[in-house]
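Trainee: One structure, as structure tokens, below. Some questions next.
2 protein chains.
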Amino acid sequence: MFNPLTTLSDAQALDQSDPLRPVRDRFLIPDGIAYFDGHSLGPPSRAARQIQDDVVRRQWGEQLIGGWNDAGWIDAPQRAGAKIARLIGAKPNEVIVADSTSVNLFKLLIAASRLSDRPAILSEAGDFHTDRYIAKGVARLTGLRLDLVPRPELEQKVGPDTNILYLSHVHYGTAERHDIAAMTARARDAGALAIWDLCHSAGAVPLQLNQDGVELAVGCGYKYLNGGPGAPAFLYVAEHLQERLSSPLQGWMGHAAPFDFTDDYAPAPGIDRFLAGTPPILSMAALEGGIEAFDGVSMDSVWAKSVGLFETFRSLMADRCPDLVCVSPSDQARRGSHISFRHPNAFEICQALIAVGVMGDFRAPDVIRFGLTPLYLRYEDVWTAVERCADIVDSGGWNRPEFSRRRKVT
Amino acid sequence: MFNPLTTLSDAQALDQSDPLRPVRDRFLIPDGIAYFDGHSLGPPSRAARQIQDDVVRRQWGEQLIGGWNDAGWIDAPQRAGAKIARLIGAKPNEVIVADSTSVNLFKLLIAASRLSDRPAILSEAGDFHTDRYIAKGVARLTGLRLDLVPRPELEQKVGPDTNILYLSHVHYGTAERHDIAAMTARARDAGALAIWDLCHSAGAVPLQLNQDGVELAVGCGYKYLNGGPGAPAFLYVAEHLQERLSSPLQGWMGHAAPFDFTDDYAPAPGIDRFLAGTPPILSMAALEGGIEAFDGVSMDSVWAKSVGLFETFRSLMADRCPDLVCVSPSDQARRGSHISFRHPNAFEICQALIAVGVMGDFRAPDVIRFGLTPLYLRYEDVWTAVERCADIVDSGGWNRPEFSRRRKVT
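Protein chains in written order, with the working numbering: chain X, 1 to 410; chain B, 411 to 820.
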């Protein structure tokens with residue numbers, strides 16, 4: 001199925017026949033950069049820059065307060081949510097954009113756990129830390145217990161105590177992917193609700209939330225959705241569950257009639273009840289522009305290219321840099337859209353790569369991650385990344401002191 | 411002290427001698443608009459537009475993920491907080507920008523109420539509704555009771571049951587202002603903590619939080635701070651209290667070492683612990699640009715002009731439109747920086763004014779508000795507003811059907 005490349009020309013030929021090749025032109029990527037950090041911060045799309053300009057200059061600048069109605073700012077959370085819904089197999093009225101992933105997870109953990117008296121939140125040890133921190137905060141606030149167990153023990157551990165099972169669909173480090181349908185069913189069979197963190201899968205991995213019976217999820221706007229640094233996050237609640245949940249963050253934007261100034265809090269119908277305060281419109285606008293880069297693109301074609309980039313990367317790396325050990329699953333059904341390698345000097349190698357224009361990132365203690373973002377990455381970029389990596393490793397070039405200091409943000 | 415104007419030339423003469431006159435040039439205000447909605451959404455400053463362009467084009471566009479360190483995105487919450495601190499009489503390390511006012515109030519209500527076993531949150535009936543909705547959510551979550559009493563009964567009601575007293579410094583409707591020092595002391599004497607909502611005072615009314623013994627406050631970025639639609643909000647915690655409080659929203663950005671990926675949650679030292687998720691950088695950048703419009707401007711000069719605008723407005727309105735009854739306090743120490751008038755047809759008059767370029771806003775059931783924003787408003791604008799209002803009222807011009815429908819957002 002997969003023909004290993006042997007020359008740069010092979011890579012360029014793959015790019016020539018790539019059906020997503022024209023989509024790269026929707027992005028503004030600096031010359032000379034092979035950008036493998038789209039799993040951390042997607043680059044600006046042309047649409048994002050254009051919408052941003054329009055919001056600042058024309059909408060805010062000319063319509064002023066009128067922009068809330070006239071430019072449709074007030075509907076931005078629902079509008080952006082509906083666009084994301086298509087990418088994750090949800091109905092348009094099941095997704096809303098608001099706040100951050102951390103805050104949205106907080107809302108859903110508390111809202112969902114109120115539906116039962118069961119005492120425990122269950123999750124995976126070693127999963128992304130902000131989710132764990134948030135869950136610990138929820139545990140403290142609600143008196144629920146937080147059980148963290150290694151992945152192989154999860155299925156066994158889901159039981160009559162389990163109120164909520166929350167999991168990252170794709171592991172931020174290794175790219176390991178849970179079987180979202182099976183784990184959701186496992187939770188349901190045990191009488192628990194599952195909440196999925198889709199930060200590392202939305203816009204990258206095929207998702208069919210409705211079809212897979214997923215009821216609750218949160219996810220990030222600034223990774224594969226290309227929404228800009230710190231872009232607002234999203235929140236998904238299956239239609240049938242919406243009216244049964246109430247957000248603990250009862251801000252006015254989630255009220256049934258925010259501008260009626262009523263004394264009592266009445267949650268808005270449907271997904272809107274998960275809004276809290278006034279949404280940050282400039283950041284929302286860039287997110288809308290980022291998601292536009294998916295217009296007309298099927299998630300199947302995105303995933304097919306992700307698989308191609310992965311296989312190319314792994315095979316070239318095994319050949320040219322065998323000291324970097326791939327820790328991402330080889331089974332495509334079990335992984336997300338980044339490829340991770342382990343090396344004792346991963347941090348320094350990562351920094352040396354950045355210095356020569358190959359931008360991946362480091363995750364403690366010893367992992368380099370390369371995000372595989374099919375909308376704009378080329379096979380040529382993969383070729384370049386592996387070549388530069390081989391140069392660095394073969395020459396021991398990472399041993400320079402300037403590569404031993406800096407720290408970065410996801 | 412105050413000489414009433416009798417002609418447009420009088421107003422223009424006041425503008426000529428206004429020491430803040432050059433500051434108006436820092437803003438981009440459309441021609442022909444008298445903008446009295448700055449208490450709801452400040453207009454873009456030149457700096458905001460410039461920073462916004464720089465963030466999107468150069469920082470995000472060229473530095474990509476590197477922007478977190480190289481462009482200093484990671485420090486934006488503290489940097490913007492320190493700029494706000496100067497405007498509200500706080501130390502730079504006592505203010506941080508994060509999330510929305512609603513979410514920040516939630517954090518402080520829970521964090522502060524944990525310091526005591528007292529059963530009640532106390533506030534004012536008829537205060538801004540998102541605060542009340544949030545407090546009701548907190549009450550449900552924590553089991554605390556929420557007591558809402560009319561303003562005259564507040565002092566009396568603070569007692570041994572009171573855990574937290576939260577209040578809006580300036581009332582969103584009438585512009586009535588609490589004596590922040592006295593009420594904070596009253597709460598403290600009763601063994602309670604006071605939380606202040608500064609949405610309608612930060613950047614407008616002189617504030618000396620440290621000097622007045624204020625310990626906890628939240629406030630808005632998009633009104634008098636000109637941060638753009640839905641700009642992130644701020645949160646103030648007096649230095650001596652910071653280490654005793656823990657946020658219920660334990661996101662990674664509030665962790666002592668967010669990038670160490672530790673298992674346990676350890677709150678960051680100081681004010682940083684009140685961050686939750688990744689901050690929306692594009693919106694943060696515009697806020698930083700908005701606050702820059704205050705550079706070199708003393709809050710005393712801002713307030714002195716606010717008083718001048720208020721007196722001019724009230725006096726002209728009493729003369730030309732006596733049917734609109736001023737409901738804002740005449741005592742400048744008891745009011746904020748907007749002027750509100752009551753009229754049975756307030757909604758329609760407000761819409762008719764907007765149609766002729768005088769942008770104020772309506773608050774149910776019968777109030778028109780005009781925000782007095784000294785950085786960019788002119789006495790000439792006040793003159794225009796009153797003249798147009800008189801034309802509309804004298805001619806019954808608000809009775810046109812197009813003025814009876816639309817709704818707007820604060």
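Built from N, CA and C at the ideal position, the CB exists for glycine as well.
Quantities reported herein were computed from a predicted structural model and do not represent experimental measurements.
Please confirm if X/R369 has its CB atom under 9 Å from at least one CB of chain B.
Mentor: X/R369 does not count as touching chain B.
Trainee: B/G700 versus chain X: which residues are under 8 Å apart at the beta carbon?
Mentor: Ordered by position in chain X, no residue passes the 8 Å Cβ test against B/G700, which lies about 11 Å from the chain.
Trainee: Note down, in chain order, each residue of its chain lying with its Cβ closer than 7 Å to the Cβ of B/I749, except the 5 sequence neighbours on either side.
Mentor: So the qualifying residues of the chain are A585, F720, F723, R724, C736, S738, F780 and L782.
Trainee: Do B/P826 and B/G631 have their C-beta atoms closer together than 9 Å?
Mentor: Given that chain B is displayed from residue 411 to residue 820, the structure contains no residue 826 of chain B and the question cannot be resolved.
Trainee: Say whether chain B places a C-beta atom closer than 9 Å to the C-beta of X/G132.
Mentor: Correcting the residue type first, residue 132 of chain X is Arg in the shown sequence and not Gly. Cβ-Cβ to chain B under 9 Å: yes for X/R132.
Trainee: Using the Cβ count rule (16 or more neighbours within 10 Å means buried), how would you classify X/Q78?
Mentor: X/Q78 comes out buried.
Trainee: So with CB distances below 8 Å, who are the chain B contacts of X/Q52?
Mentor: What X/Q52 touches in chain B: Q462, V466 and L692.
Trainee: Just reading off the beta strand (DSSP E) that B/A743 is part of, what are its end residues?
Mentor: B/A743 -> no beta strand (DSSP E), and no H or E assigned at all.
Trainee: Can you give me the Cβ contacts of X/A76 inside the same chain, cut-off strictly under 8 Å, excluding the 5 residues immediately before and after it?
Mentor: Same-chain partners within the cutoff: V97, P279, I281, M284, A285 and E288.
Trainee: How is B/N809 classed by DSSP in three states: helix, strand or coil?
Mentor: DSSP places B/N809 in helix when its eight states are reduced to three.
Trainee: Would you call B/H753 buried or exposed, if buried means 16 or more other Cβ atoms sit within 10 Å of its Cβ?
Mentor: With 16 or more Cβ atoms within 10 Å of its Cβ, B/H753 is classed as buried.
Trainee: Mind checking B/P658: buried by the 16 CB within 10 Å criterion, or exposed?
Mentor: Under this definition B/P658 is a buried residue.
Trainee: I'd like the list of long-range same chain contacts for X/T384, defined as Cβ closer than 6 Å, with 5 residues on each side in sequence excluded.
Mentor: Taken in chain order, the residues that qualify are A34.
Trainee: Three-state secondary structure (DSSP) at X/A202?
Mentor: In the structure shown, X/A202 sits in coil (DSSP, three-state: anything other than H, G, I, E or B).
Trainee: Given a threshold of 16 other Cβ atoms within 10 Å of its Cβ, counted over all protein chains shown, does B/A535 qualify as buried or as exposed?
Mentor: Under this definition B/A535 is an exposed residue.
Trainee: Of all Cβ atoms in chain B, is any one closer than 9 Å to the Cβ of X/F415?
Mentor: There is no way to answer for residue 415 of chain X, as the model of chain X reaches only from 1 to 410.
Trainee: Around the C-beta of X/L8, are 16 or more other C-beta atoms found within 10 angstroms, so that it is buried, or is it exposed?
Mentor: Exposed, because fewer than 16 other Cβ atoms sit within 10 Å of the Cβ of X/L8.
Trainee: Given 8 Å as the limit, tell me if X/I74 has its C-beta closer than that to any heavy atom belonging to the ligand FMN.
Mentor: Judged by which ligands are present, the structure shown has none, so any question about the ligand FMN falls away.
Trainee: On the CB-based measure, 16 or more other CB atoms within 10 Å of its CB, does X/A257 come out buried or exposed?
Mentor: Classification for X/A257: exposed.
Trainee: Kindly indicate which residue of X/Q242, X/R244, X/E243 and X/D272 has the alpha-carbon position closest to the one of X/H255.
Mentor: Ranking X/Q242, X/R244, X/E243 and X/D272 by Cα distance to X/H255 puts X/D272 first.
Trainee: Where B/D648 and X/T184 are concerned, what is the direct C-alpha to C-alpha distance, given to the nearest angstrom?
Mentor: Checking the sequence, you will find Ala at residue 648 of chain B rather than Asp. Approximately 45 Å, taken between the alpha carbons.
Trainee: Beta-carbon of B/Q566 versus every beta-carbon of chain X: anything under 9 Å?
Mentor: It does not; no Cβ of chain X falls within 9 Å.
Trainee: Put X/S45 into one of helix, strand or coil per three-state DSSP.
Mentor: Note: X/S45 maps to strand in three-state DSSP.
Trainee: Pick out the complete beta strand (DSSP E) segments inside the stretch 623–671 of chain B, 3 residues or longer, and give them in chain order.
Mentor: Runs found: 626–629 and 643–647.
Trainee: Is the Cβ of X/S102 closer than 9 Å to any Cβ of chain B?
Mentor: Taking Cβ atoms only, chain B reaches closer than 9 Å to X/S102, which makes this a yes.
Trainee: Less than 7 Å between C-beta atoms, sequence neighbours within five positions excluded: which residues of the same chain meet that for X/D161?
Mentor: Contacts found: R118, P119 and A120.
Trainee: Between the stretch 37–51 of chain X and the stretch 14–28 of chain X, do three or more beta carbon pairs fall short of 8 Å?
Mentor: Verdict: yes, contact present.
Trainee: Mind pulling the alpha helix (DSSP H) runs of 4 or more residues that sit fully within the stretch 471–517 of chain B?
Mentor: Here the runs fully enclosed are 477–480 and 486–498.
Trainee: If you reduce the DSSP assignment to three classes, tell me which class X/D179 lands in.
Mentor: Looking at X/D179 - three-state DSSP - the assignment turns out to be coil, as it is neither helix nor strand.
Trainee: Which residue from X/A304, X/G81 and X/E243 puts its Cα closest to that of X/A333?
Mentor: That would be X/A304, whose Cα lies nearest to the Cα of X/A333.
Trainee: Helix, strand or coil for B/Q422 per DSSP?
Mentor: Correct three-state label for B/Q422: helix.
Trainee: When you compare only the Cα positions, how much space is there between X/G277 and X/M253?
Mentor: Whole-angstrom Cα-Cα distance: 6 Å.
Trainee: Given a cut-off of 9 Å, decide if B/D670 and X/A364 are closer than it, judged by their beta-carbon atoms.
Mentor: Going by C-beta atoms, X/A364 is nearer than 9 Å to B/D670.
Trainee: If the cut-off is 9 Å on Cβ atoms, which residues from the stretch 788–803 of chain B count as contacting chain X, listed in chain order?
Mentor: Listed by position, the residues of the stretch 788–803 of chain B near chain X (Cβ gap below 9 Å) amount to none.
Trainee: Who are the Cβ neighbours of X/M1 in its own chain at under 6 Å, not counting the five residues just before and after it?
Mentor: Annotation note: pLDDT 46 at X/M1 (below 50); position unreliable, no value reported.
Trainee: Taking the continuous alpha helix (DSSP H) assigned at B/A600, which residues delimit it?
Mentor: Segment: none, B/A600 is in no alpha helix (DSSP H) and carries neither H nor E.
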